[in-house]
Structure formats: structure tokens, C-alpha cells
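In my numbering, the protein residues as written are 75 to 693.
Where is the CB? At the ideal position from N, CA and C, for every residue including glycine.
Here the structure is a predicted model, which means the values were calculated and not measured.
Shown next, in C-alpha cells, is the structure this report addresses.
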Amino acid sequence: MSVKKIEADVIVLGGGSAGTFAAIKAKETNPNCRVVVVDKGPIETSGAIGRGMDALNIVSVPGYGTPEDVVEALTKVTEGIIDQECAYVLGRDSLAVIKDLEKYTDRKPGDLFPLDKNGNYKCSYLHPTNKALYLAMDGEDIKRGLAREVRRLGCTVLDRTPACRLLTDDNGKIAGVFAFNMRSGDYYQIEAPAVIITAGCVGKFGMPRDGYLSGIYEFPGNTGDGFAMAYHAGAEMVNMECFQTNLLMKDFNGPACGYVVIPRGGYGVNAYGQKYWSHGYWSGDMFLAVWREFMEGRGPVYLKLDHLPEETLKGLEKILWGTERTVRGQFHKQRNEDYHCWDSVEQGMEEITLCSGHSDSGILVNKDTETTVPGLFAAGDCAAVPQQYLTGAFVFGSIAGRMAAEYAAKAGKIGSTKDPEQTWQEVSAPLRLEKGLPVEQVETKIRTKISHYLTPPKSDPLMNKMLWWVDRIRREDLPQVKVCDYHDLIRATEVTSITDCAEMAARASLFRDESRWGLSHYRLACPERKAEWDRQYVIVKKNMTSGEMECEKREVPAYKWDYPTRLEYEYPKINLNIGKGFVHPDNDFTDPWIVEKFEREGMDIPQRIFPKMSHKREA
75 MSVKKIEADV
85 IVLGGGSAGT
95 FAAIKAKETN
105 PNCRVVVVDK
115 GPIETSGAIG
125 RGMDALNIVS
135 VPGYGTPEDV
145 VEALTKVTEG
155 IIDQECAYVL
165 GRDSLAVIKD
175 LEKYTDRKPG
185 DLFPLDKNGN
195 YKCSYLHPTN
205 KALYLAMDGE
215 DIKRGLAREV
225 RRLGCTVLDR
235 TPACRLLTDD
245 NGKIAGVFAF
255 NMRSGDYYQI
265 EAPAVIITAG
275 CVGKFGMPRD
285 GYLSGIYEFP
295 GNTGDGFAMA
305 YHAGAEMVNM
315 ECFQTNLLMK
325 DFNGPACGYV
335 VIPRGGYGVN
345 AYGQKYWSHG
355 YWSGDMFLAV
365 WREFMEGRGP
375 VYLKLDHLPE
385 ETLKGLEKIL
395 WGTERTVRGQ
405 FHKQRNEDYH
415 CWDSVEQGME
425 EITLCSGHSD
435 SGILVNKDTE
445 TTVPGLFAAG
455 DCAAVPQQYL
465 TGAFVFGSIA
475 GRMAAEYAAK
485 AGKIGSTKDP
495 EQTWQEVSAP
505 LRLEKGLPVE
515 QVETKIRTKI
525 SHYLTPPKSD
535 PLMNKMLWWV
545 DRIRREDLPQ
555 VKVCDYHDLI
565 RATEVTSITD
575 CAEMAARASL
585 FRDESRWGLS
595 HYRLACPERK
605 AEWDRQYVIV
615 KKNMTSGEME
625 CEKREVPAYK
635 WDYPTRLEYE
645 YPKINLNIGK
655 GFVHPDNDFT
665 DPWIVEKFER
675 EGMDIPQRIF
685 PKMSHKREA
């Protein structure tokens, strides 16, 4: 095979939510802009919303919330570790992307998003604020609509062509991308002055507890390639110690869907039928509360829906069994699980991931999606705009497309880059080995180590052991990976990316010597939040001279709004005196959070029926 060279103005890495919006907006900004979209799969089904999506988790629309309300909510849940300008832009531009989604998917107002009696988009309550910022969506086909618009505008789409290197010139500026086709083996040097990384989160990070390498919670193609490529190109990473901890269906590796059921009145209960969390949906603190239930002897925990009206349950089934995961209903049936029973659907603490969309970690960007590398932009789950969810993928994907098109129009001639033949020799080395280790074996090894040594609550000796394993796997295992085809060659590059991300996560976690964000960064050696770490980033970057990974402390951008930097509740403390007189408070519909929620939604407050327990708890 010989290298195929393509000249472009803007390259988009990843064809998911952020990537399709970036490509569309780049072409709308400059119709003459040569845009190339590079994706591991077909852009019609790639990314986190390949199947569809049921909501925009945070928006600001007339009659419900303002951009300042978005800033307030995100400042609280991120405990102050946030660029407020980015949060403001997220709220400010959310209405525009709602209109764009209706336009690109050819849907009328009220079809894609519900409307209230005043004709406004009807929002619900989810976040720690007194404003409704959650917008439901009937989005089964939005991905196909976005892909159709990308192709209609004339973007070049390289499906099934994963990128594996960012190209830079001698001055450290972006010069393009190196990629190869998983079917033909053709490899490409795509030269452009601007690159937008929208490659998603590090979804395949820890090992799912069901034992399968590819679960169904995160998109299996999201393996941290964008994180790793940006890091090696010199981009600064931030909040890599803030993990996304997932409360999933037990043994299913599918979402227990706090962001779906909580706005509709569902919630979690412990083994005694008691509600253990009363503060909306925020993964870190909610999952710390789950861990506390197990540590204090009140596990397992369940998804409680039996108090909801039948029509609400039917609507949830449509979302959870259709738009979200098509196999979920069959799984429930085989296990004899029923949403009408409070203790039927068991939840479990499953694998960890790195994701800005639902936590904080990713590539450091400003409000214009610029990274610290000239010509490199980032958006979506790989860009560190905390808690941006799907809304942020569209908002910042749009901004990245516009900014990259403008940057490319002003950029000069691209400087010299590394010889593509040499790059291909490095990338394709696993194909030329006569014998070696199966890529599945090495992937299982690194991801199992991540689950064993990095999963919160975080232990210092375990995290240091993780670094020992990273070094050993790099020296002994990765050079011995043997693959037989181009499809498995992708997996070889993915394993390398996962290993890089594991080191970033371990080093950042050890550097921030406090606990913050609930279970996302709960260190057993220092379980308290420290004032000296308020409004402080942990920056992870590569020393481009020595090649070593370095961490540093840096203050977040100056605040414009002085909102509280934590939720208004006592931080959960773990009581390890299991069974020694701890009494959980009664929990019924006198809970102010529940009462307020049902009143807001215009729902009748049902009479709480406590389950009959077959066992009694000792005093």
C-alpha cells in the first residue's frame, strides 16, 4: 500500500454529535471550506447517540431558565472547578441548537421536543437549581438526519477510517492527521491547518463487571483516542482525576438511567425500600451515597418506579427499551424483572470512564473550543467543558466548526511534517510480527488493572501500583501485540490510547491530594475537600523535550458569577460501624425534594406504601 494524500482546510475527527455539527457549521460558515470527516464507523450510526437520544440534559429556553441558571447549576455540581464562560455559552447557545436540530432532522416544533401550553419548549427539573433545565426529546433518528446534512453540504466523509496520529509542523502547529482504512488498508496523510477533535470520551476504560470487553453503556469505539492524540501533540489535559462513575443495571452494563427516570419521578432505594438520595442527578455525589449504602449494610440498591402512573411506565419502557437500548426489555424479561415492583430492578456500580459530558475530564479548551495547540480545536465528550451532556456536544461542535473554518481561512502554508511512510511503519508494526500476544489479551489486562487499581474510592498504594502496571505493559506487552488484519490493528491503537489515559488518570488522582466531586475523586488517604484546592485545576501535559508526563496546579479562569461552589447538603460521611446502632431516617413523601418535584410537574403526590420486609434489622 502507498500513502494517499488529501489536502483540506478543516479535518473533523469523529462523526458523532459534536463532529457532525462541527462539519455542518464549518461549511455554513464558508461554503468553499474543504471539510474532511474521519470516523471509525459510518457517521449515520457512530458516536454516543448512534441509536438515538431521549433528552437534552441541560438547556436554557424562554419561560424556564436563563444562561445564568445554567452557570449556577454547573458551578455547584463541579464544586467550583469550572470555566464559567464556557458554562454561560452552553446555556446561551442551547436554544439555537434546538432550532438547528429541528431544521436538520426536518421536524416541526412539538415533534422533536415537547411544548407547553404557551408554545414554549417544556422543560423539567433535574439539576440543583429551582429552574427547569431538562428538555425531553424524541430523538430516535436525529443521527441519520445530521449525517444526511453533512453529506448534502459536500463534506468529504472517510467512513471506517480511524485516525491514529495528529500531524504537527516543526513549530508545534497542527498540520493534519494520519489515518488508515480498516477494510482496504489504505492509509492517508490528510493535510490541513485546522483539526477538530470530537472523538468522544474514554468509554472503554475500566472493565465491565459482566466480563465482556464491549459493553453497551458507552459507545464501544470511544477508547480515548482523542485524549491520547491531543496529549501527544502537546495539548494540555485537565481534570483527569474526575472519573465518571456509573450506576448501571446489575449484570447488564446498561444505564439505570438517573437522567431519564428522575425527571419523571423515579428514584433509587436501598434494600429497606428507603430513598437514599434527595438532590436531583449528579453522578459523583449520588454514587458516593450509593457506596455509603453498601458500606453501612443497606445494599443492594434498586430502581424504584412502582409509584408512577401506568402511562409514565409505558413511556419509560419506550425510551429505555427502544431509543436507549433495544435489548433492555429482553434482559428484564429473562430475569423476571418488573418496573411495577420496587425491589425488582437491581442497580450496580459498574466500570469507570473519563468523560467531560457527564463529569469533568478532557482536553483543556476555552469558550471558543481552542486548545493549547495552535490549529487544534476540541468539542463534545473529549473537551473539558464540565457537565455539558448532549447539549454541549451540539453547542461546542457548532462553535468549533465556525472557529476552525475562520482559522483555516487565515492560516498560512502548512509546515513540513513527519514522513508518512515512517508513520505507517510505526502504526502497522503489529501486522508484521510473526508471533506475539493477541490484542484481546492485552486489552483485557490493562482494563482489568484499571478496574482493580483506579476504581473509586481511590487508594494511594493501588494507584501507584497502577503506574507500575502501566510502565510494565508499555515495555513488555504493547510491543508484542500481534494482529492479523486491519480491523484488529484499530484495536491495537486503541489499547495504546487506553494505557495512556490510565497513566493520566492515576497521576492526576495522586496529584490532587484531597477528595472532591463525590465518588468521582474520593481518596481514602485524604477524604476531605481542601480549601487550597478550590478553583484549582490539575493540568496534565507532555514534556515535549523529555517525553515525560507532568502535572501542575493552575487556577481556573476568573469567575464572573459568585455562585455557591457546592450543593446545599451535608457532604456524605461514611460510617464503617456497620450494624452498631445506625438508624436511617424514615423516608416517605414528606421529603421536601419529592413534594416540590411533584408539585412542579402538576402530579398528585401518591401515598407511600412501605414494602413488607421479610427480615428485620438488628439495633
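Of the listed residues the options, nearest to residue i (C-alpha basis)
i           : options               : result
residue 542 : 90, 580 and 152       : 580
residue 144 : 151, 162, 445 and 130 : 162
residue 556 : 311, 189 and 569      : 569
residue 107 : 497, 192, 606 and 477 : 477
residue 206 : 216, 212 and 195      : 195
residue 434 : 319, 539, 242 and 375 : 319
residue 101 : 523, 214 and 227      : 227
residue 129 : 210, 176, 217 and 78  : 210
residue 584 : 422, 216, 538 and 522 : 538
residue 214 : 126, 636, 496 and 384 : 126
residue 529 : 185, 200, 268 and 358 : 358
residue 302 : 590, 593 and 578      : 578
residue 421 : 82, 345 and 496       : 345
residue 256 : 594, 628, 638 and 562 : 562
Close-in-space but distant-in-sequence residues of the same chain around residue i (CB under 6 Å, 5 per side omitted)
i           : result
residue 388 : none
residue 455 : 274, 275, 429, 430 and 431
residue 633 : 158
residue 85  : 110, 251, 264, 266 and 269
residue 565 : 513
residue 254 : 261
residue 571 : 297, 298, 299 and 302
residue 178 : 219, 220 and 223
residue 185 : none
residue 171 : 468 and 469
residue 576 : 524 and 544
residue 97  : 86, 109, 111, 224 and 229
residue 167 : 469
residue 120 : 89, 90 and 113
residue 626 : 613
Host beta strand (DSSP E) of residue i (start-end)
i           : result
residue 393 : First-last for residue 393: undefined, no H or E at that position.
residue 268 : 268-271
residue 319 : 318-323
residue 263 : 261-265
residue 336 : Residue 336 -> no beta strand (DSSP E), and no H or E assigned at all.
residue 77  : 77-81
Cβ neighbours of residue i in the same chain (closer than 8 Å, five flanking residues each side left out)
i           : result
residue 335 : 341, 377, 379 and 390
residue 80  : 110, 230, 262, 263, 264 and 265
residue 573 : 520, 544, 547, 548 and 552
residue 189 : 183, 195 and 196
residue 415 : 380
Spatial neighbours of residue i in its chain, beta-carbon cut-off 7 Å, leaving aside the 5 residues before and after
i           : result
residue 676 : none
residue 650 : Because the pLDDT of residue 650 is 49, which lies under 50, any placement of that residue in the model is unreliable, and the number read from its coordinates should be weighed accordingly. Answer for residue 650: 369, listed in chain order.
residue 203 : 143, 146 and 147
residue 94  : 117, 220, 221 and 224
residue 523 : 540 and 543
residue 464 : 91, 123, 127, 130 and 131
residue 458 : 312, 313, 430, 434, 435, 436, 437, 438 and 439
residue 640 : 150 and 153
residue 373 : 344, 345 and 367
Span of the alpha helix (DSSP H), counted from its first residue to its last, around residue i
i           : result
residue 578 : 560-585
residue 539 : 534-546
residue 303 : 299-306
residue 782 : An answer regarding residue 782 cannot be provided, because it is not within the stretch 75 to 693 covered by the chain.
residue 517 : 513-527
residue 93  : 91-103
residue 506 : 503-506
Heavy atom of the ligand COA within 7 Å of residue i beta-carbon
i           : result
residue 208 : This structure lacks the ligand COA, and indeed carries no ligand of any kind.
>> So within the region 443-499, which uninterrupted alpha helix (DSSP H) runs reach at least 4 residues, ignoring any that extend past its ends?
In response: 463-484
>> Which runs of the beta strand (DSSP E) at least 3 residues long sit entirely within the region 109-162? Give them in chain order.
In response: 109-112 and 127-130
> What are the start and end residues of each continuous alpha helix (DSSP H) run of 4 or more residues lying completely inside the region 167-254, in chain order?
Replying inline: 168-178 and 216-226
>> Taking 8 Å as the cut-off, does the region 305-317 touch the region 607-623 (at least 3 CB pairs, one atom from each stretch)?
In response: yes
> Below 8 Å, can you find three or more Cβ-Cβ pairs linking the region 518-535 to the region 489-503?
Replying inline: With the cut-off at 8 Å, the region 518-535 and the region 489-503 do not touch.
> Okay, do the region 442-457 and the region 241-250 touch, 3+ Cβ pairs below 8 Å being the bar?
Replying inline: yes
> Where are the alpha helix (DSSP H) runs, 4 residues long or more, that stay fully inside the region 398-434, in chain order?
Replying inline: 402-408
> Are three or more beta carbon pairs between the region 233-244 and the region 292-303 nearer than 8 Å?
Replying inline: yes
> What are the complete beta strand (DSSP E) segments, minimum 3 residues, inside the region 587-611?
Replying inline: none
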